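Novice: Chains as they are written, first to last, in the numbering used here: chain A, 10 to 371; chain B, 10 to 371; chain C, 10 to 371; chain D, 10 to 371.
Glycine included, each C-beta is placed from N, C-alpha and C at the ideal position.
In this text, all values refer to a predicted model and were calculated from it rather than measured experimentally.
Number of protein chains: 4
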Amino acid sequence: MTTTQLPGATMQGFVIAEKDKAEWRTLPVPAVNPYGALVRTVVVSPCTTDVHLLQTGSASIPWLVGKPIGHEMVGIVEQVGELVREFKPGDRVVVSACQPDFRSLEAQAGQPKLHNTSQYWVDDPDRGGSVVDYYYLLDADMNLAHIPDSVTDEQALMIPDMAATAFEGVRELGIGYGDTVAVLGVGPVGLMGVRAAVLHGAGRVFAIGSRPVSFQVATAYGATDTIDYHEGDFVAEILERNGGPVDAVLVAGGTTASITDALRLVRRGGTVANVAAFFADETTVLDNVAWGYGYGEKTIKAVECSGGRWFLEKLLALVEHGRLDPAPLITHRFHGKDHTAEALQLFLDHDRTLLKPAVYFD
Amino acid sequence: MTTTQLPGATMQGFVIAEKDKAEWRTLPVPAVNPYGALVRTVVVSPCTTDVHLLQTGSASIPWLVGKPIGHEMVGIVEQVGELVREFKPGDRVVVSACQPDFRSLEAQAGQPKLHNTSQYWVDDPDRGGSVVDYYYLLDADMNLAHIPDSVTDEQALMIPDMAATAFEGVRELGIGYGDTVAVLGVGPVGLMGVRAAVLHGAGRVFAIGSRPVSFQVATAYGATDTIDYHEGDFVAEILERNGGPVDAVLVAGGTTASITDALRLVRRGGTVANVAAFFADETTVLDNVAWGYGYGEKTIKAVECSGGRWFLEKLLALVEHGRLDPAPLITHRFHGKDHTAEALQLFLDHDRTLLKPAVYFD
Amino acid sequence: MTTTQLPGATMQGFVIAEKDKAEWRTLPVPAVNPYGALVRTVVVSPCTTDVHLLQTGSASIPWLVGKPIGHEMVGIVEQVGELVREFKPGDRVVVSACQPDFRSLEAQAGQPKLHNTSQYWVDDPDRGGSVVDYYYLLDADMNLAHIPDSVTDEQALMIPDMAATAFEGVRELGIGYGDTVAVLGVGPVGLMGVRAAVLHGAGRVFAIGSRPVSFQVATAYGATDTIDYHEGDFVAEILERNGGPVDAVLVAGGTTASITDALRLVRRGGTVANVAAFFADETTVLDNVAWGYGYGEKTIKAVECSGGRWFLEKLLALVEHGRLDPAPLITHRFHGKDHTAEALQLFLDHDRTLLKPAVYFD
Amino acid sequence: MTTTQLPGATMQGFVIAEKDKAEWRTLPVPAVNPYGALVRTVVVSPCTTDVHLLQTGSASIPWLVGKPIGHEMVGIVEQVGELVREFKPGDRVVVSACQPDFRSLEAQAGQPKLHNTSQYWVDDPDRGGSVVDYYYLLDADMNLAHIPDSVTDEQALMIPDMAATAFEGVRELGIGYGDTVAVLGVGPVGLMGVRAAVLHGAGRVFAIGSRPVSFQVATAYGATDTIDYHEGDFVAEILERNGGPVDAVLVAGGTTASITDALRLVRRGGTVANVAAFFADETTVLDNVAWGYGYGEKTIKAVECSGGRWFLEKLLALVEHGRLDPAPLITHRFHGKDHTAEALQLFLDHDRTLLKPAVYFD
């Protein structure tokens, strides 16, 4: 196939150099395949996952070394392959964090995210994370999304991971009108989960966390009760306030022990959906009283972020039409890509005022 | 079985006397079966269905003659049967409009509304509509609902038919996050449909009607576009504004022709749910171009109001927790049950400022 | 309410006397409430659950002492309450093992089995297990089922627990046409699971067990592969034969470790449904590699037997119309209720030729 | 992109010459795009749709003139594009009749068949029907399916349209274990519908048709009742035999009036799925008594054939594992492609012994 080359063939990327160390390096600008695109980065949002990869990357995932970090970005299309139909240079876009290959049997089976090509950087020297001047993706028509005029860059920036993960998880809960929902962990994903629950008909919504900034946004998003898990037994507190167990629980943080907490919170016949990744433990231990000894009618789902143009544009439609405003998630702003390390430091410092940082490249 | 009798064994009821004529009559207060209850009426809301029954009742449904009208009411429990567990005299309750017999195979099959005992007045001289001093129902634990303290009588009054019909219909649409929805007919049920769509994740919502009072409430409930069907071809207008067909359509008014309108509006793969009753026509004619000649991947659902304590209390939870405020539906208020005829006259006069009237008995 | 009394007011029941000891005792024949019935026992099938209760009953569930064992039976209606509509003396019936109270909020919510009154013997001196001359149940119309003429007593005997548990579990798997399914544990419930999978469109079906009698029936029911777990690593064997993981797993035996086995067997995006009860362990430990560290897209369901007339008659329709023949499950037959202890002894002896015994009362 | 050319660049195809006339013509062998393939035809099955196109093609669909007929075929891969991963020359394959573009928003939304590229021949001079020596398709990995060794060519030949249409339609019925199903029209698609219903748990299955050959196969596939619609009112007959309405109806033939027949047959709360195409009528008229005046709780679905490798291989798995044997559908065999016209003539003659013909090319 023919490919084209960006005039000026190098760029800067913020790459994992070694354990606990990232640095700006000069990288080649990838050539674009006929279905692909290059997106000029406007704003990125570093994430706990980036910090995690930085801390463990050189050890547990060796091929990550030398790769740029990042998976949340908004930009302007710079170049598209010759077979791209729906995007053109100059379009303002958000890039899907989960990038399914829709030409896969998993997609045919209705589960495209199971064939997520964003996991396969290892095989592709041209690809990596989003903290680069020009981000390259394989299939523009499938994994970019147009941003409606009325949606800001910062709103769009929260869509591909924070919103996509939470809305996917909440969708799996199957909430019915008026159901009571608990969200365990109200970092940025959990906060989106609060909003997703309200937009799926939840009545009472418990937000469990510990930080004032989270509780403030949770309340703005529609949480009816905010519960500080530092203040005693939050499971008992919720069961008492609610007069019994809740209908559904989204787990968006904590540890493997949170699954048993969720099982204690949820009624028989209810669902627990987990969207957190628990790499610290080799096992997840379910308490059999909470789980019902195997026949307690409690469903446990383990949900991954979804992606693709269609899903992202549906979420952006929620922003466009006033149902969802992700802007309050961005608590810290940096102007100039050189500040990326400062943004990451906020996570390392466990800054209690941080939800998400935005780093503007210019 | 033993039964008890209310001291002072007569009451007043507003009954269908003949075609186009209703009048207050003295009726016996029914004796309560062990599972039943008497509810003292506080406030009722006459309805287009009442007008329809009045206009056709004596001709097409002879057994309705002599029966009180009405199916939307809020009241105070006056008396309960000896086997009632969850309600006691003095409780403030809303009465289910659709009263399923949950001891039925239909209920076992997950479709309790298909065995709706509120349709069987004909067999029971003790039962009738809700515009009576003491309303009698067969199964209090199953078909009454407690009203949360923070919910007003007027809010609760809109739950058993206006909200229950619309939320049931919208639930059948299977709306996904960000979907575009059209609501055809924004009388009080359609307006509840607008809100139900927003609370099921709809993005853009088109409200099709003709009256300013409807458009005002529709906008408050989250409609993004209000379309007056008197101003030209509303189907073409929506297709143009939306850049193509919508994902789902709720039909909440009009005529059998509205089904074809809805099929023109909805995309292939989408769903039309009808909650209107079309008694004027013997057939419903689908345009085959709109329907896709039988394989166009458009689903048509014909949905009836649901009921029962569980469903009503779920809807009341939406009010309690601030997701839904039905109060704006009540545009006219009357104090004193003698004003019931005036309330009905508003429908006969096609009062363009009317959504729903509330008639307080005292 | 009025009640009636059976002439000759005592009967025999096989009751738990103390740990590891059951004996025949003379019991009063219960009086029938207006919705209830007495069913004269024709044939029963003791079960591992009975053995389990006998072994632990006096210690862990004190109120079981003095109660008759048993929950699977076929009989003839002897007497019905005055409000029973659908059953009359002389009707041949199967009794639901799970007896939901359909007048419950759980039933209204579509999950009647969550309000299973067969769990509440503790509160009712008149009620107990089915190994009695006259079995009393509270609601005949809801929890008896008519047996079609072409269905034998032995076929019907396997419906209320063996079939109802397995078909309910398999229904929760959401099998699609052509899916590959593994059934972990092919005792009588697992064997019914094999058939349920075939009747839900499964293609390849792996039956994991160890006994020739099980494998013979599994093959007759449509299993394509029988795997003996004593012969090496059955998970590896299945993954190799299948060329990868399966679409769905029914766990119908084993220990809590079987859940991790099932997670190893199932593909991402697939479902594990457990219908076994794991009382031996206080926890269930999930291997995080198998589970995907919380976001592996594998769903775990913990499913209880369902019941009620509608469900049982649907399963009986499968027998009537030739889809399902439960008769091969009965491997041992006894004539005379005095042989009940012998039937139980087969379980205690771990008889490798036993699937289920039938004990005819006469 | 680079393409390759088959040595010997012409082939024969059976093309629509004008209204009611098809003829063999010499055509260029298309060049293969990087994702495409050429499949050498082994056996085809002409179809009523081919006859319909031949009869109306030149008038109503002008661009069909000059195109080969056919959409059901089995063959051997002759050539694949350079980016095809899963198929290679020599592979025995079945070609999907519905060929979705899985790189489409419709596919992302879970409804790939809505972007069926087999409908877009008009835009592509290289593409046409399957009655050609070398069939060209755009995306081999997505729309070919491997045939298991144990599955014959004739069995596989019935998969892409007869089975795919019927199983898709029945899947949409949502049949539960033990449900009663009626199949209206038991031509080859309806017969597959009978089998699909049995493999989705149906109990009683009514097959409505008129020809002995159909009834013979219907019974072999598991129909419990065969009903000849020439012998009086088949709706009344079924309602009487069944003691009431059925749970679900598949419409696989007839006219638009069949939809009302189906509505008369189906219970409230049940579903009618139509898989027939009704081009003869401009409208479909629903009887409002049968439909319930708009709120009768009866769902009408209009279902199109589905396709793609994953779905076809799932259906082939049913054949491989002995659940489904499509072979009895083939009642007439021809050896030599020159006999294609004779095969078509069987349809024109309304041969009452015909289900489907197979035409072997050699």
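Show which residues of chain A have a CB atom less than 7 Å away from the CB atom of His330/B.
Specialist: The count along the second sequence starts at 1 and reaches residue 330/B at position 321. Neighbours of His330/B on chain A, chain order: Gly212, Arg213, Thr233.
Novice: Can at least three beta-carbon pairs, one atom from the region 327-335 of chain D and one from the region 321-333 of chain B, be found at a separation below 8 Å?
Specialist: At 8 Å Cβ cutoff, the stretches do not touch.
Novice: Counting contacts by CB-CB distance shorter than 9 Å, is Thr126/B in contact with chain D?
Specialist: Position 117 of the second sequence, counting from 1, holds the residue named residue 126/B. Chain D contact via Cβ: absent.
Novice: Taking DSSP as the reference, what is the three-state secondary structure of Gln21/A?
Specialist: Residue numbering aside, residue 21/A sits at position 12 when the first sequence is read from its first letter. It is a strand residue.
Novice: At a Cβ cut of 8 Å, what residues of the region 307-335 of chain D count as close to chain C, listed as they run along the chain?
Specialist: Within the region 307-335 of chain D, the residues whose Cβ lies closer than 8 Å to some Cβ of chain C are Glu322, Lys323, Leu324, Leu325, Ala326, Leu327, Glu329, His330, Gly331, Arg332, listed in chain order.
Novice: Nearest to Asp59/A by alpha carbon, out of Val179/A, Gln354/A, Ile309/A, Val190/A?
Specialist: Mapped onto the first sequence, residue 59/A falls at position 50. If we check each option's Cα against that of Asp59/A, Gln354/A comes out closest.
Novice: Quick one: what does DSSP say Arg200/A is sitting in, helix, strand or coil?
Specialist: Taking the first sequence and counting its residues from 1, the one referred to as residue 200/A is at position 191. First, the amino acid is wrong: residue 200/A is Leu here, not Arg. Leu200/A: helix per DSSP, three-state reduction.
Novice: Report all residues from its chain with a CB closer than 6 Å to the CB of Glu32/D; omit the five preceding and five following residues, and keep chain order.
Specialist: Taking the fourth sequence and counting its residues from 1, one reaches residue 32/D at position 23. Excluding positions up to five away in sequence, the list reads Ala26.
Novice: Determine whether the beta carbon atoms of Ala205/C and Ala175/C lie at a separation below 9 Å.
Specialist: As a working mapping, residue 205/C is identified with position 196 in the third sequence. As a working mapping, residue 175/C is identified with position 166 in the third sequence. It is a contact, given that the beta carbons lie within the stated cut-off.
Novice: Helix or strand or just coil, what does DSSP make of Thr11/C?
Specialist: For this step, residue 11/C is matched to residue 2 along the third sequence. Since pLDDT at Thr11/C reaches only 40, below the 50 mark, its modelled position is unreliable, and the value read off the structure follows with that caveat. If DSSP states are grouped into helix, strand and coil, Thr11/C belongs with coil.
Novice: Do Gly210/D and Gly185/D have their C-beta atoms closer together than 9 Å?
Specialist: In the fourth sequence, counting from the first residue as 1, residue 210/D sits at position 201. In the fourth sequence, counting from the first residue as 1, residue 185/D sits at position 176. Yes; because the gap between Cβ atoms is below 9 Å, this pair is in contact.
Novice: Mind listing the chain D neighbours of Gln108/A? Cutoff is C-beta to C-beta under 8 Å, in chain order.
Specialist: The residue given as residue 108/A occupies position 99 in the first sequence. Result: empty, since nearest Cβ-Cβ is about 12 Å, beyond 8 Å.
Novice: Looking at chain C, is there any beta carbon in it that lies within less than 9 Å of the beta carbon of Asp296/A?
Specialist: Within the first sequence, residue 296/A is the residue found at index 287, counting from 1. Chain C contact via Cβ: present.
Novice: Check whether the region 96-113 of chain B touches the region 149-160 of chain B, taking contact to mean three or more Cβ pairs, one atom from each stretch, closer than 8 Å.
Specialist: Yes, they touch.
Novice: Leaving out five residues on either side along the sequence, give the residues of the same chain with a beta carbon under 6 Å from the beta carbon of Lys346/A.
Specialist: For the purposes of this step, residue 346/A is taken as residue 337 along the first sequence, with counting starting at 1. Phe370, listed in sequence order.
Novice: Output needed for Thr265/B: all residues of its chain with C-beta closer than 6 Å, excluding positions within five of it in sequence on either side, in chain order.
Specialist: If you number the second sequence from 1, residue 265/B lands on position 256. Here the set comprises Phe287, Asp290, Thr293.
Novice: DSSP on Pro77/B, reduced to helix/strand/coil?
Specialist: If you number the second sequence from 1, residue 77/B lands on position 68. Strand.
Novice: Tell me, which residues are paired with Pro109/D by DSSP?
Specialist: The residue you call residue 109/D lines up with position 100 of the fourth sequence. DSSP, once it has assigned bridges, lists Asn125/D as partnering Pro109/D.
Novice: Relative to the C-alpha of His348/D, which residue among Pro337/D, Leu63/D, Ala367/D is closest?
Specialist: As a first step, residue 348/D is located in the fourth sequence; it is residue number 339 there, counting from the start. Nearest option by C-alpha distance: Ala367/D.
Novice: Examine the Cβ distances between the region 43-62 of chain A and the region 154-161 of chain A and report whether three or more of them are shorter than 8 Å.
Specialist: Contact fails: fewer than three Cβ-Cβ distances are below 8 Å.
Novice: By Cβ distance below 7 Å, which residues in the same chain neighbour Lys76/C in space, the five residues on each side in sequence not counted?
Specialist: Here residue 76/C is taken as the residue at index 67 of the third sequence, counted from 1. Here the set comprises Val24, Ile25, Trp130, Gly137, Gly138.
Novice: Rounded to whole angstroms, how far is the Cβ of Ala299/B from the Cβ of Leu272/B, which I believe are closer than 8 Å?
Specialist: What you label residue 299/B is simply residue 290 of the second sequence in a count that begins at 1. What you label residue 272/B is simply residue 263 of the second sequence in a count that begins at 1. Rounded, the Cβ-Cβ distance is 4 Å, consistent with contact.
Novice: List the whole-angstrom C-beta distance separating Val102/A from Ala154/A, where the pair is believed to meet the contact cut-off of C-beta under 8 Å.
Specialist: Position 93 of the first sequence, counted from the start, is the residue given in the question as residue 102/A. Position 145 of the first sequence, counted from the start, is the residue given in the question as residue 154/A. Going by Cβ atoms, the distance from Val102/A to Ala154/A rounds to 6 Å, so yes, they are a contact pair.
Novice: Would you identify the three-state DSSP class for Arg136/C, choosing helix, strand or coil?
Specialist: Counting from 1 along the third sequence, the entry for residue 136/C is found at position 127. Note: Arg136/C maps to coil in three-state DSSP.
Novice: With a Cβ-Cβ cutoff of 9 Å, do Ala106/C and Pro169/C count as a contact?
Specialist: Residue 106/C sits at position 97 when you count from the first residue of the third sequence. Residue 169/C sits at position 160 when you count from the first residue of the third sequence. For Ala106/C and Pro169/C, yes; Cβs fall inside 9 Å.
Novice: On the three-state DSSP scale, how would you describe Lys30/C?
Specialist: Residue numbering aside, residue 30/C sits at position 21 when the third sequence is read from its first letter. Three-state result, Lys30/C: strand.
Novice: Is the beta carbon of Gln117/D closer than 9 Å to that of Trp319/A?
Specialist: As a working mapping, residue 319/A is identified with position 310 in the first sequence. As a working mapping, residue 117/D is identified with position 108 in the fourth sequence. Yes.
Novice: DSSP on Asp372/B, reduced to helix/strand/coil?
Specialist: Nothing about residue 372/B can be read from this structure; chain B reaches only from 10 to 371.
Novice: Hey, Gly45/A and Gly90/A are a contact pair by Cβ (cut 8 Å); roughly how many whole angstroms apart?
Specialist: Your numbering for residue 45/A matches position 36 in the first sequence. Your numbering for residue 90/A matches position 81 in the first sequence. Confirmed, about 5 Å.
Novice: What runs of the beta strand (DSSP E), each 3 residues or longer, lie entirely inside the region 296-351 of chain C?
Specialist: As far as the region 296-351 of chain C is concerned, its whole beta strand (DSSP E) runs of at least 3 residues are 308-311, 339-344.
Novice: Run through the DSSP bridge pairs and tell me what Ala271/C is partnered with.
Specialist: Here the question's residue 271/C lines up with position 262 in the third sequence. According to DSSP, Ala271/C bridges with nothing at all.
Novice: Can you name, in chain order, every residue of its own chain whose Cβ lies under 8 Å from the Cβ of Val222/C, other than the five neighbours on each side?
Specialist: The residue labelled residue 222/C in the question sits at position 213 within the third sequence. Closer than 8 Å at the Cβ level, and outside the excluded window around Val222/C, lie Thr340, Arg361, Thr362, Leu363, Leu364.
Novice: For a contact meaning CB atoms closer than 9 Å, what does Glu291/C contact in chain A?
Specialist: On the third sequence, residue 291/C is found 282 positions in, with the first residue counted as 1. Those within 9 Å of Glu291/C in chain A are Asp296, Asn297, Val298.
Novice: Starting from Glu87/D, trace the beta strand (DSSP E) in both directions and tell me its first and last residue.
Specialist: Taking the first residue of the fourth sequence as position 1, residue 87/D is located at position 78. Looking at the DSSP string, the run of the beta strand (DSSP E) that includes Glu87/D is 82-89.
Novice: Using 8 Å for Cβ pairs, my map puts Leu333/D next to Ala173/D. What's the rounded Cβ distance?
Specialist: The residue you call residue 333/D lines up with position 324 of the fourth sequence. The residue you call residue 173/D lines up with position 164 of the fourth sequence. With a Cβ gap of about 12 Å, Leu333/D and Ala173/D do not count as contacting.
Novice: Given this structure, state the Cα-to-Cα distance separating Asn43/B from Leu92/B, to the nearest angstrom.
Specialist: Within the second sequence, numbered from 1, the residue matching residue 43/B stands at position 34. Within the second sequence, numbered from 1, the residue matching residue 92/B stands at position 83. Looking at the sequence itself, residue 43/B is Pro, so the reference to Asn does not match. Cα to Cα, Pro43/B sits roughly 5 Å from Leu92/B.
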